[in-house]
Amino acid sequence: MNALEQLIFLLEGVQITLSVSVFAFLLGIATGIPMMLLRAFGGKLWELIVEGYEKVLRGVPIVILMLLFYFGIGVRVPFLRDPFVSAALALGIRSGAYQSQIFKGAMRGVGEDQMTAARALGMSKLKAFRHVVLPQMFIIASAGLGSEYALIVKDSAYAFFLGGGLLDVITRADILRAYALTEHWEYPYFAYIPTALIYIALTFPLATYLDRWGSRRKKKLGI
Amino acid sequence: MPDVVAEAENVWMEYKDIIALRDVSLQVGEGKIKVLFGPSGSGKSTLLRCLAMLTKPTRGKVFLRGEELTSPEADIDKARAKIGFVFQNILLFHHLRALGNVTLGLRRVLGLPKQEAREKAMKALREVRMERWVDHYPAELSGGQQQRVGIARALAMEPEIILFDEPTSSLDPELKGEVLDAMKDLAKKGRTMLIATHEMHFAREAADEMIFQDEGRIIERGTPKHFFTNPSTDRARRFLARLVREGQSNV
Amino acid sequence: MYEFIPKYLPFFLKGLQHSFILALVPLALGFLVGLLAALADVYRGRTASTLISIYVEFFRGSPLIVQAILFYWFIPQDLLGMRIDRLMAALLVFTLNSGAYQKGYIKGAIEAVHEDQMTAARALGMSKLKAIRHVVLPQALRIVIPGWTNEYASMSKSTSAALAIGIPELANISMSVASWTFRSFETYTFTALLYFIWIFFSVKVLEMVYERVKIPGFEA
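Protein chains in written order, with our numbering: chain A, 44 to 266; chain B, 131 to 381; chain C, 572 to 791.
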């Protein structure tokens with residue numbers, strides 16, 4: 044393989060890294076918002092349960108969660124015996140715990156007055172939340188969601204320890220390293236430099252953009 | 131005048147499109163109390179900041195005891211240690227108790243040992259009648275109490291002169307009195323002070339000279355008696371009349 | 572179910588000990604790096620800020636595993652032709668990584684201390700350096716503690732990135748135990764519990780410290 048072919052080989056991993064990450068991020072939204080709502084409106088018991096659940100997920104390294112899903116539970120649940128599924132689920136479920144926190148802060152930022160004003164128009168609680176509170180929450184949460192997305196992309200690299208079955212960017216770097224060693228190249232680990240840059244390109248621009256977009260919107264809308 | 135403490139000589143302060151000070155000259159002699167007044171935006175605060183070299187004038191000279199502070203060789207930090215400054219928005223150090231706010235400069239600027247700094251600070255705090263509040267953080271004090279600590283912080287450094295930048299204007303009316311009383315005490319003890327304020331009652335009682343400033347210029351100066359009986363410029367007359375009308379102070 | 576755990580407990584504890592070192596040393600050294608970087612970013616010119624942002628974006632934008640591989644293999648072995656100790660490499664890369672994050676927290680806190688505080692300190696005759704040291708930093712460092720607690724928790728979990736260079740820390744040990752015993756579920760749930768207890772209690776301790784040094788008017 045020449046340099047260009049190696050680079051293309053690496054870049055082909057982007058698709059997999061991104062698929063895992065996007066799936067996990069969406070799963071994070073899908074679990075994070077309900078958890079936040081349960082916590083806020085579900086009464087004392089639910090608040091305790093959800094808080095405990097989030098604390099545990101936030102207190103364990105992501106690689107241990109992945110290993111638990113893939114090897115630990117995967118023994119009995121064949122569907123988890125796929126590194127893509129295990130990695131994406133672990134990342135997504137954990138992200139839910141983080142996103143619940145982000146949305147909680149965002150909801151506080153929107154404030155109760157907005158809800159009251161919407162209810163005064165005759166909207167149901169659900170409608171008021173959906174049409175008035177939620178859109179503003181996303182604006183306030185944008186910076187936090189941007190760094191959460193970046194965290195997922197970077198942490199998806201831990202899927203490497205699930206045995207190399209997932210051909211994402213970092214696993215491909217490891218393949219290139221093995222190839223370079225057999226070819227006795229001078230810098231066998233060089234592939235990790237473009238690898239680092241690829242991850243930076245996948246995280247930095249979007250996170251920065253969301254951060255700036257969020258503060259501009261907030262300023263413009265006065266929230 | 132042999133005993134001039136602070137002096138501004140033909141000072142100009144120009145920002146991009148506004149001129150905050152136009153050719154202002156002023157001397158404050160030993161033991162004198164001068165009150166600077168005039169509409170907001172007239173450059174009082176800028177003048178005080180220039181005298182303390184918190185901002186550098188764009189033209190003109192500033193002196194402390196005859197030493198030119200505007201010269202490039204001047205040790206500004208050393209000069210500032212000899213100039214007390216009391217801020218409009220108080221600016222106590224949030225992380226230090228009242229006592230700590232007063233000892234900080236004594237310890238870190240003058241390098242006094244702990245015990246001596248403490249004694250000096252207590253003395254200054256007693257002068258403004260804050261000795262009972264030394265262990266309180268700024269957030270636990272009222273605005274008037276905070277400003278008294280602010281005065282003690284300046285006083286403890288044993289400055290040559292104390293500059294007051296509208297020390298009561300951020301305070302609720304009922305809290306102004308205690309700060310003005312503290313300032314009157316200092317006046318009686320012969321401190322050298324330059325005070326920007328609209329408290330005309332205080333000015334009448336304490337000032338040796340009053341200086342009326344408008345649009346960056348000194349328009350008129352004279353004794354309180356002169357201003358309150360027969361100011362010679364229209365602008366000063368109108369401004370004083372407005373102060374009375376708005377009830378900002380009872381002349 | 573978990574009956575085999577006691578037999579392996581000494582391994583787990585040894586692993587935890589390594590993880591401890593891998594979290595605490597970089598956290599302390601990273602604080603110094605972060606503090607210097609934050610001060611240079613706020614009070615020095617453009618060039619310093621640009622260099623610092625390149626440093627920060629590299630360490631915040633790429634996976635820690637990749638950084639660990641670069642600092643254990645690529646830089647010393649490929650480029651410099653030398654071998655370095657695994658633990659040293661890990662401590663170095665974790666320090667630089669944590670420094671990049673801590674810089675962000677500290678800079679935010681310095682900027683949260685209003686400029687007026689600097690003016691008041693300068694009016695007393697303090698030099699800029701003294702004002703930073705005695706007025707700005709004491710306030711900023713109190714503001715930074717909650718953010719710093721987050722960094723501590725996240726650093727503790729990130730020690731598992733040392734898997735990439737084979738240091739026998741907790742994640743590494745647990746993978747070994749799982750492969751010796753074929754009891755993955757029990758091993759990894761127990762490991763998760765150890766991490767959780769470690770992080771939960773040390774965060775509690777940090778929160779207590781925060782309560783201690785808290786000042787009225789300073790609640791973040």
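We put the CB at the ideal spot given by N, CA and C, even for glycine.
| Check | Outcome |
| --- | --- |
| Quick check: is the beta carbon of B:A251 nearer than 7 Å to any beta carbon in chain C? | no |
| Unbroken alpha helix (DSSP H) runs of length 4 or more, entirely within the segment 92-147 of chain A: which are they? | 105-110 |
| Within 7 Å (strictly less), CB to CB, does A:A95 reach chain C? | Before going on, a small fix: residue 95 of chain A reads as Gly here, not Ala. No - not a single Cβ of chain C is within 7 Å of the one on A:G95. |
| For A:P248, which option in C:F583, C:K585, C:P577, C:G632 has the closest C-alpha, if you only look at C-alpha atoms? | C:G632 |
| I think B:Q343 touches B:G159, with their Cβ atoms under 8 Å apart; what is that distance to the nearest whole Å? | 19 Å between Cβ atoms; not a contact. |
| Which residues share a DSSP beta bridge with B:R189? | B:W142 |
| Can you tell me whether C:G737 is buried or exposed? The criterion is at least 16 other CB atoms within 10 Å of its CB, across all chains shown. | exposed |
| Going by C-alpha to C-alpha distance, which of B:T327, B:S170, B:R237 sits closest to B:A286? | B:R237 |
| With H, G and I counted as helix, E and B as strand and the rest as coil, what does DSSP make of C:I786? | coil |
| Tell me, please, whether the segment 293-307 of chain B touches the segment 261-279 of chain B by the rule of three or more beta-carbon pairs shorter than 8 Å. | yes |
| Secondary structure at A:I182, three-state DSSP: helix, strand or coil? | helix |
| Looking at chain B, is there any beta carbon in it that lies within less than 7 Å of the beta carbon of C:D649? | no |
| Return the bridge partner residues of C:I768 from the DSSP annotation. | Beta-bridge pairing links C:I768 to no other residue. |
| Give the interface partners of C:L641 over in chain A, defined as CB-CB distance under 8 Å, in chain order. | Y232, Y235, I236, A239 |
| Let's test the definition: count the other Cβ atoms within 10 Å of the Cβ of A:M26 and tell me whether it reaches 16, buried, or not, exposed. | Beyond the ends of chain A as shown, which are 44 and 266, falls residue 26 of chain A; an answer cannot be given. |
| Restricting to Cα atoms, I'd like to know which of C:T760, C:G586, C:E782 is closest to C:T720. | C:E782 |
| So what does DSSP say about B:E296, is it helix, strand or coil? | coil |
| Among C:G679, C:I770, C:G670, C:F756, which residue has its Cα nearest to the Cα of C:A608? | C:G670 |
| Which residues in the same chain have their Cβ closer than 7 Å to the Cβ of A:I213, if we skip the five residues on either side of it in sequence? | A200, F203, T238 |
| Would you kindly report the start and end of the unbroken beta strand (DSSP E) that includes B:Q157? | 149-159 |
| Check for me: the alpha helix (DSSP H) holding A:A221 runs from which residue to which? | 212-225 |
| Does chain C have any CB closer than 7 Å to the CB of A:H184? | At residue 184 of chain A the sequence reads Ala, which differs from the His that was named. No, A:A184 does not count as interfacial toward chain C. |
| Mind pulling the chain C residues with CB within less than 7 Å of A:T246? | G632 |
| Name, please, each residue of chain C whose Cβ falls closer than 7 Å to the Cβ of B:V239. | L695, G696, M697 |
| Residues of the segment 269-288 of chain B in Cβ contact with chain C at a cutoff of 9 Å, in chain order, please. | A269, E270, G280, R283, A284, M287 |
| Does chain A have any CB closer than 7 Å to the CB of C:T720? | no |
| Would C:P717 pass as an interface residue toward chain B - the criterion being a Cβ-Cβ separation below 7 Å? | no |
| Measuring straight from C-alpha to C-alpha, what distance separates C:A711 and C:H705? | 11 Å |
| At a CB distance below 8 Å, what residues from the segment 741-756 of chain C approach chain A? Give them in sequence order. | A742, S745, M746, A749, S755, F756 |
| Smallest Cα separation from B:E345: which of B:P202, B:F167, B:K146? | B:F167 |
| Could you tell me how far apart the beta carbons of A:R141 and A:R101 are, in whole angstroms, since I believe they sit closer than 8 Å? | For the record, residue 141 of chain A in the displayed sequence is Tyr; it is not Arg. Right, their Cβ atoms sit about 7 Å apart. |
| Do the segment 138-145 of chain B and the segment 181-200 of chain B meet, that is, are 3 or more Cβ pairs less than 8 Å apart? | yes |
| Under DSSP, the alpha helix (DSSP H) around B:K314 begins and ends at which residues? | 303-318 |
| What three-state label does DSSP hand A:E90 in the structure shown? | helix |
| Determine, using beta carbons only, whether B:Y145 comes closer than 7 Å to chain C. | no |
| Between C:D687 and chain B, is any beta-carbon pair separated by less than 7 Å? | yes |
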